[in-house]
Amino acid sequence: MRCVYLDAGLKEYFVMTMTCCGGRFATTGLALVAGLAIVAACMTGQQGAVAIDSDDIGGVVTSENGPEAAVWVIAETDELPTDFIRSVVTDDQGRYVLPDLPEANYSVWVRGYGLVDSPKVQASPGTHLDLTGVVAPDEHAAAQYYPAMYWYALLEPPPPSEFPGTGLSGNGIPESYQTQGHFLSDLTLNGCVVCHQMGTKPTRDMPQNMGTFDSTLAAWQRRVQSGQSGGTMGFFLSRFGPNGLSFFADWTDRMAAGELPPVPPRPSGIEQNVVVSLWGWGRNGHQFVHDEITTDKRDPTVNPYGPVYGATEYSSTNMVVLDPVTHVTTELTPPFLDPSNPPPVSWTQKSLQPSPVWGEEPVFHSTTNPHSLMMDGQERIWVTSATRPAPNPDYCKEGSSHLSAQVFPIAAAGRHLSMYDPATEVFTPLDTCFNTHHVMFDQDDRLWFSTLGQVIGWFDTRVWEATGDMAQAQGWTPFILDINGNGEVDEYVGPDDPVDPNKDKRVRGGTYGVIPNPADGSIWTVASEGAPGAIYRLELGSNPPATTLAEIYQVPYMQPDSEFETWGTRGIDIDRNGLIWAGLGSGHMASFDRRKCTGPLNGPTATGQHCPEGWTFYKQPGPNFKGVTGSGITDSNYYTYVDQFGAGNMGPNIPIGLGNNSDSVKATLPDGTTVSLRIPYPMGFHPKGMDARIDDPEAGWKGRGLWSAYAGQVMWHIEGGKGQVNRAVQWQVRPDPLAK
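So the sequence shown is numbered by my numbering: it starts at -9 and just counts up by one.
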């Protein structure tokens, strides 16, 4: 609220400009008595301006600086069947409404950039609650609440002049790093940030219980051997060469000496309208949820207000389930094809050194290894999970009569498929010859899988339901480029062979993410790679795989007329019009429109860099690494989700990047601006999957929401430390910050 009185020199006349109770009024020539009455109403009406219902908590946040705009008000309770948290953002006058709270007693407090957490106040729904924000006593105290990517921005990579790397005989940077961008992609897109945030307090501070070391470098060398992930951490960091850990040691030393990160902006615009709800699920830091599912991507009205299902890759044999209405969580166990012959434990690494948190305890243990899920129109859950040991049945292998095996035989697959029917509460194990990873339905009820291998696979649920024949229901295909340009699959050379203009060419393909195109039935996949990054299109033909041809489109890379440097692909999705979206390691959301290509789409020149005109790039918010002046922010999109039907209440066909290091997911609006849907508490949100559900099309914003989960593999890095549970997440976008 702001009321200003301007004396015009006449006691009975004045000019008053007043912003009060959400409206703006200007009056001139009013009698003084009437003006003072309005001023009094303005001054006493502030609390009444925050209207609440019996299930809301609302009020005004002020500090010694006055009303606190764009800070978070957080309510948390442990009185429901599972832990529950809801947070909102104050409007430009410091007002807030926490809407539709389940009946319970809540701890309520204020968090915001430039503040430290306010004392927690106890309140219940139906309460008007004004809160006092606490201004941070210094910059160091304020910085403790910044997302991890701002601290990671203090890490200083080698400058562009050090690339290409000259190897052990030169600067120690591997020769495989041709540019700084390629190096940066392994700091974010395909490095440590794949598994957990970098810049959280547990990563920027050296654990005190590891021992005493002569240098920070020696401490880092011990640290990355810790726990079950020690081997994986060592592998990631070995790619930087013998001096790789020195960058991290220098980072730690400078922060310990007091160097502080850049200051993040407070939420603005649509970001102030966001309501975030969190439910605890999973067990005491021993389960992380890689993906969740709430509905059918093709029809987000399926399963309204129904259960949320989560897949606990590596960490657990079980899946987790949340009922968001009753707040009850349960678990499901995908079964084996042969209970007497289960798949092996998926995480067999032993600790190279004890974990500073868990010691020698093996935190992760799984046989089914559930990874990704999809829901069909009958509310059945299809989950990629191991159902048997890896060696394949004979129909998958060389010499089989199976058409796909004749084209590309497969000897083993480590993860397969299961289906859970909530109507019968029966889990059915299924088999696939190919390894399963991410999974998507097409319009004909075929499941399409990325495989982390050299093929893409499918499973026709209609064929399986009609015949019960798992072999007949599935197929797979390698990636064959039509180099000779005749529109047919011919004799081809291998991935490592030079292009022969008279033959086709098999490439290894992009099998990290997969998405069917609802516009024309083609299938698109993406390669999880640093530079340049690539997406692939598959045209199935009349008799796949014998008639299936691929196209490759690389991210434009090192082109002199580029507006900025771009590189790196990982996730992929598509809108209802057939426009491809992918988050890039260079810090961009990218779209690709094949219809814009002006040159040939096959032939000897169609090998990746032949359609730069098809790409459009949208730079996303966030700080760069220290010393990096071009592309190279410290956040990274693990995956990409397109809200095709507007369940997020920001419009249809909105691409959303799942920011691993920013405590947020980031929506790119049609005008190119980015909306960061940030989670303020607990810090450490690390998403891997997302979906969007419309519970009630007639209920406005309350009937719509985006869903994800805390998917970082190390739950003990989340604010609160050891014992933190995973959390299911829902975002809802209101029309304004006070909507209830």
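Cβ atoms here follow ideal geometry from the backbone N, Cα and C, with glycine treated the same way.
| query | result |
| --- | --- |
| Unbroken beta strand (DSSP E) run spanning L207, endpoints | From DSSP, L207 is part of no beta strand (DSSP E) but of the alpha helix (DSSP H) over 206 to 213. |
| Start-to-end residues for the beta strand (DSSP E) that takes in V51 | 47 to 53 |
| Bridge partner(s) assigned by DSSP for K656 | G647, S666 |
| Cβ-Cβ distance between V214 and G201 below 8 Å | no |
| Nearest residue (CA-CA) to D384, options T377, S166, A395, A376 | A395 |
| Secondary structure of E350, DSSP reduced to three states | coil |
| Cross-strand partners of W454 (DSSP beta bridge) | Paired residue(s): none; W454 is not in a bridge. |
| R64 - partner residues in DSSP beta bridges | In the sequence as displayed, the identity of residue 64 is Ile instead of Arg. Answer is S77, W99. |
| Enclosing alpha helix (DSSP H) for F183 [first to last residue] | Position check: residue 183 holds Val in this sequence, whereas Phe was assumed. Neither: V183 is in no alpha helix (DSSP H) and is coded neither H nor E. |
| Neighbourhood of L327 by C-beta distance below 7 Å, restricted to the same chain and skipping five residues each side | T377, R378, P419, D421 |
| Environment of Y142 [buried if 16+ CB atoms lie within 10 Å] | buried |
| First through last residue of the alpha helix (DSSP H) which encompasses S236 | 234 to 246 |
| Any C-beta of chain D under 8 Å from that of I473 | Of the protein chains in the structure, only one exists, and it is not chain D. |
| Beta strand (DSSP E) segment containing K191, residue limits | Premise fails: K191 lies in the alpha helix (DSSP H), 191 to 194, not in any beta strand (DSSP E). |
| First through last residue of the alpha helix (DSSP H) which encompasses M460 | 460 to 463 |
| Test item: CB-CB of Q218 and P352 under 8 Å | yes |
| Beta-carbon proximity of P381 to P197, cut-off 8 Å | no |
| Same chain, Cβ closer than 8 Å to E54, neighbours up to 5 away in sequence not counted | V125 |
| Option in G710, E261, I400 with minimal Cα separation from V445 | I400 |
| Rounded distance between the beta-carbons of W557 and G758, thought under 8 Å | Residue 758 cannot be examined here, being either before or after the span of the chain that is shown, -9 to 730. |
| K609 (DSSP reduced to helix, strand or coil) | strand |
| Contact check, L70 vs R717, beta carbons under 8 Å | no |
| First through last residue of the alpha helix (DSSP H) which encompasses A131 | 129 to 133 |
| Per DSSP, the bridge partner or partners of K586 | In DSSP, K586 forms no bridge with anything. |
| Among E303, T285, N308, the one whose alpha carbon lies nearest that of P297 | T285 |
| First through last residue of the alpha helix (DSSP H) which encompasses L393 | 393 to 397 |
| Assigned secondary structure, I470 (DSSP; H/G/I helix, E/B strand, else coil) | strand |
| Option in N507, F203, G702, G349 with minimal Cα separation from L648 | G702 |
| For D557, three-class secondary structure by DSSP | Here residue 557 is Trp; the residue named in the question, Asp, does not match the sequence. Three-state result, W557: coil. |
| Three-pair Cβ contact test at 8 Å for the region 56 to 65 versus the region 74 to 92 | yes |
| Straight-line Cα distance separating G593 from P488 | 14 Å |
| Within 8 Å, strictly: CB atoms of L659 and M640 | yes |
| Chain-order list of residues whose beta-carbon lies under 6 Å from that of G531 (same chain, five-residue window excluded) | T537, T538 |
| Residue range of the unbroken alpha helix (DSSP H) whose run includes T222 | 220 to 228 |
| Inter-residue spacing [alpha-carbon to alpha-carbon] between Q37 and P670 | Note that Q37 scores 41 on pLDDT, short of 50, meaning its location in the model is unreliable; the coordinates nonetheless yield the value given after this. Computed Cα separation, rounded: 25 Å. |
| Residue closest to G612, alpha-carbon to alpha-carbon, out of G272, P255, C423, D411 | P255 |
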